[in-house]
Amino acid sequence: MRWRKYIDFDVIHLLVGAIVGMGLSSCQPEMPVISTITVEADGLTVPVNPDLYGLTIEEINHGIDGGLYAELIQNRSFEDGVPPLNCPYDAARNVLITPNGWTIPFMRGDSVPGWRRIVPNTQIYPDMKELVNDKNRRSLLVAVSTSGESGRGGVIAEGYRGIPIRKGERYDLSFFAKGANMVPRTIRVALEDSMANTVLSDVFQVAPLYEWKRYRHTFTATEDAPNAVLTITADTSAVFWLDVVSLFPEDTWKGRKNGLRPDLAALVDSLAPRFIRFPGGSFVEGYTAGTYPIWRETLGDISERKHFWNVWAYGTTNGMGYHEYLQMCEDMGAEPIYVINSGITSQSRRPRYEDITAMDKLTGDALDAIAYANAPADSLPGALRARNGHPEPFNLKYVEIGSENYGGEYFRRFELFRKAIKEAYPEITVISSSPLTKRGRSEWVDSHYYAGENFFLSNSGRFNSDRYSRRSPAVFIGEFGTTERPLAGTLRAAVAEACFLVGAEENPDMVRRLAYAPVLGNAGFENQRHPLISFNTHQAVVSPSYHLLKMFTRHRGDEVLKTIVDTYEKPQVRTGRAGVEMFDNSYEFKDVRIDGVPVSDISVMSGGWKVPEAGTLVPEANRWNHVLFGDSTSYAYEYTATVRRTKGSGQIQLRLRDNGWTGEQADYIALTIGAGTSELYHQVGGVKDSLVSPVRFPFESNRWYTVRMTCEYERVRCYVDGVLLHEVDMRPIPSLVSVATLDKENRVIYLKVVNTTRHEEKTSLRIEGVNIRNEAELIQLRGEPEARNTFENPGAVTPVTEPIVFPMSGPFIYNFPPNSVTILKLYME
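Be aware that the sequence shown starts at 1, since it is given in full-length UniProt numbering, and climbs by one per residue.
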């Protein structure tokens, strides 16, 4: 792309409006052509990557349990409330404490989420002694004390904020029950309204004996209700136990048992994913032993599947297990990419490292998982797969080891996996979750791009040859999406993401796969990240990003054409405070100043700091320390500090324009020194965006260094002891971003154009080397930047499709609307 210096055309529009307001509308000048897009249709081309777009489907946001997985009963096995092994419960804070000291929200042991008792005639207790099998650790004891005159007693299953039913449709019930009375007592099971006052189905009656038995029934709903409940009641005194209470609609995706919610599966399928990465994500990492999925523990009867409290702080049934994910991929025509725990739990949550000498079990699990997916039906693993309903192999070709794991301990474990898999299955592509040393381009590295608006707007050229070496490993983007709040889920977020996708399409040799995440989110529960598809019990609404992805996946050609964009660029200027981040107290700080004034007022983000006198900072020992100071609204200032490392060889990070957030919301410019190099980069969420090549910088302990950093609008300079190490302008934001592809068979050029500005962009379109008809088709996503789709207004932002006609003679000119994503289908003569 070629960009020109930015001119603020919003100002031009204001001036034109002023002229009209002065009564000179007849003299209003026509807006000039602002940008030019040139497509060299007869030039060199490269093949389109047809497998670029896919999805990561993960248990997050109750997207699977309570969402895609069609089970209607929450906490069906009453396992929520059982702490994972070696994770004690802190009742004062309602948290679990992992062996390494990380905390995760939890609940009291007598809690029974998703269920309530009928008062005052009933008591319920989670029971850890009366068990259906050794895989279930709790059942529910129900004690009803009533006579017919005093009303009924029992329990109510509320589902995931209600159970949706439709008149005339059928729902398959199964549950285990055991009675405690010498004479069996009759209990009644039915679907009722949310207040349990009106029966909405036929009534199923059973009299449980003094032994566990599984009961089955199929209800037919007599009314529509978005938030029905399942009641299990008695009108005489009775004591009984329940376990594995399951309710499934007969209407599931593809009609499969233990299947998928059809409306959600249809929306996922409509994106036409070429691959699906599963089952995560952080869900795969877990936070200690027993809190990440092991494929064999997610097979077979739902009563024997491993339940655990997952990394997103809710219970997981694993009802949608390894087999169901493979089946979903096959049903949707998507290549499965299976992610397996690497022997390291989440490294952002105080990780646990599997003993390197005990890795044979994990590598063996990986080999067995591949065998289950690919072995012939007459083999032992193939026979198991056949018993689960799929005699033919699934043909798994891709396995990823870990998710967001990194560092030397990960590299050691990854190599064990890679060696074992390649020896047994040389055809399998083994994907790493971070770059490894001495790797070739044939290897795949998973990079995650969760970031904010400005990062995506300014990084359409991230994978161009001038920024990304063709000798580097191919890029597999396993997770991608805007996490900046409250921007996520708006049209503005989709516009920003579109810029990044344009760059991925332009570089098919470097970007092998790109998966959006998260895909699903239950609006009835707190969402960790904004999904493509939000839903409740009976509705689903898609975000503008969903429409963007659908537009891009369905309009691709065979070859990428060279496209030159001559447009304006806007300087990227962010506000934020200065700061320091470091681990341990291996550094001392003195004479810390902002614009020459010694700092005395600090904000401690982590660790413990004190300011014994203005300009002096003292961090607490043995802690991860992060401190901020200065004006959060400033974008132009000088930050100076004198620093000394007193022990160790660790780095120090000095920050500019820090927004004060951590994790996926973080945004700051950082200078890192202390490990033999000096680096200047822009950190956005988990994405480290190098602004300039690192320079060699020997750093000595017990020596004072004077560091000076300045930011002035888009320009950043870094000095150490008066020597300029880095000078760079932040990457600009182009007004237009574009990519063109050619569909040779249908003689169509797909021209994708993103207008990042808040004004119309009058643009000349030059298609060189071929003749283009003056009639074209337009598919466009446009609207107010903050517009989003809601349950009340699900169609607020949707693509429009309409024909357009260019003049028979003269240049093709089109006004791209503000804040828009456009696809022009140009037909060749």
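Even glycine gets a Cβ: it sits at the ideal position worked out from N, Cα and C.
Residue-level contact to chain C via CB, residue i, 8 Å cutoff
i    : result
P612 : Within the model displayed, chain C is absent; a lone protein chain is all it includes.
CB contact flag (residue i, residue j, <8 Å)
i    : j    : result
A334 : I428 : no
S346 : E297 : no
G315 : T231 : no
S458 : I733 : yes
L326 : F394 : yes
F816 : V770 : no
R577 : G521 : no
R747 : Y827 : yes
N819 : P794 : no
L436 : F414 : yes
A70  : G280 : no
D658 : G596 : no
G343 : L362 : yes
Y287 : I34  : no
Q572 : R462 : no
Y410 : S434 : yes
N61  : N527 : yes
G159 : L242 : no
L68  : R349 : no
L654 : V728 : no
DSSP state of residue i mapped onto helix, strand, coil
i    : result
L506 : The displayed chain sequence assigns Glu, not Leu, to residue 506. Here E506 sits in helix by DSSP.
A358 : helix
M551 : helix
W661 : coil
E427 : coil
S603 : strand
Y372 : helix
F283 : helix
V770 : coil
F500 : helix
V687 : strand
G153 : strand
L367 : helix
For residue i, the first and last residue of its enclosing alpha helix (DSSP H)
i    : result
L326 : Y322 to M332
N454 : E453 to L457
D269 : P262 to S270
L380 : L380 to R387
Buried versus exposed, by CB contacts within 10 Å (16 or more), residue i
i           : result
A369        : buried
Q28         : In this predicted model, Q28 has a pLDDT of only 48, less than 50, meaning its place in the structure is not dependable; the value taken from the coordinates is given anyway. Looking at its Cβ environment, which holds fewer than 16 other Cβ atoms inside 10 Å, Q28 is exposed.
G21         : For G21, the predicted structure reports a pLDDT of 42, less than 50, and the residue's modelled location is therefore unreliable. A value from the coordinates is still provided. Exposed is the call here.
P293        : buried
W624        : exposed
L24         : Residue placement at L24 cannot be trusted, given a pLDDT of 37 that sits under 50; the coordinates are not used to answer.
F219        : buried
I401        : buried
S26         : Note that S26 scores 39 on pLDDT, short of 50, meaning its location in the model is unreliable and no value can be drawn from it.
residue 830 : Only positions 1 to 829 of the chain appear in the structure, and residue 830 is not among them; the question remains open.
M551        : buried
T672        : buried
D301        : exposed
R574        : buried
G63         : buried
Q780        : buried
I57         : buried
Range of the contiguous beta strand (DSSP E) that encloses residue i
i    : result
F411 : Premise fails: F411 lies in the alpha helix (DSSP H), G407 to A424, not in any beta strand (DSSP E).
A614 : It is not in any beta strand (DSSP E) - A614 carries neither H nor E in the DSSP assignment.
P164 : I163 to I165
S35  : S35 to P47
Exercise for the section: Decide yes or no for the touch test of the region 696 to 707 against the region 597 to 611: beta carbon pairs closer than 8 Å, at least 3 of them. Expected result: no
Practice task
Take every Cβ of the region 265 to 276, pair it with every Cβ of the region 204 to 224, and state whether three or more of those distances are shorter than 8 Å.
Solution key: The region 265 to 276, when compared against the region 204 to 224, does not touch it at the 8 Å Cβ threshold.
Problem - Three or more C-beta pairs below 8 Å linking the region 480 to 494 and the region 509 to 520 - result: yes
Exercise for the section: Flag this pair as touching only if the region 364 to 380 and the region 405 to 414 have three or more C-beta atom pairs under 8 Å; answer yes or no. Expected result: Fewer than three Cβ pairs drawn from the region 364 to 380 and the region 405 to 414 lie within less than 8 Å of each other, which leaves the two stretches out of contact.
Problem - Touching by the beta-carbon criterion (3+ pairs, under 8 Å), the region 531 to 547 and the region 79 to 91 - result: no
Practice task
Specify whether the region 718 to 737 and the region 532 to 546 touch according to this definition: at least 3 beta carbon pairs, one from each stretch, less than 8 Å apart.
Solution key: no
Handout entry: the region 485 to 500 touching the region 233 to 247, judged by at least three CB pairs closer than 8 Å
Key = Contact between the region 485 to 500 and the region 233 to 247 is absent, with fewer than three C-beta pairs closer than 8 Å.
Handout entry: Contact between the region 85 to 104 and the region 561 to 569 (3+ Cβ pairs under 8 Å)
Key = With fewer than three CB-CB distances shorter than 8 Å, the region 85 to 104 does not count as touching the region 561 to 569.
Handout entry: the region 761 to 778 contacting the region 37 to 54, beta-carbon criterion three pairs below 8 Å
Key = yes
Practice task
Determine, using beta-carbon pairs with one atom in the region 118 to 132 and one in the region 83 to 98, whether at least three such pairs fall under 8 Å.
Solution key: no
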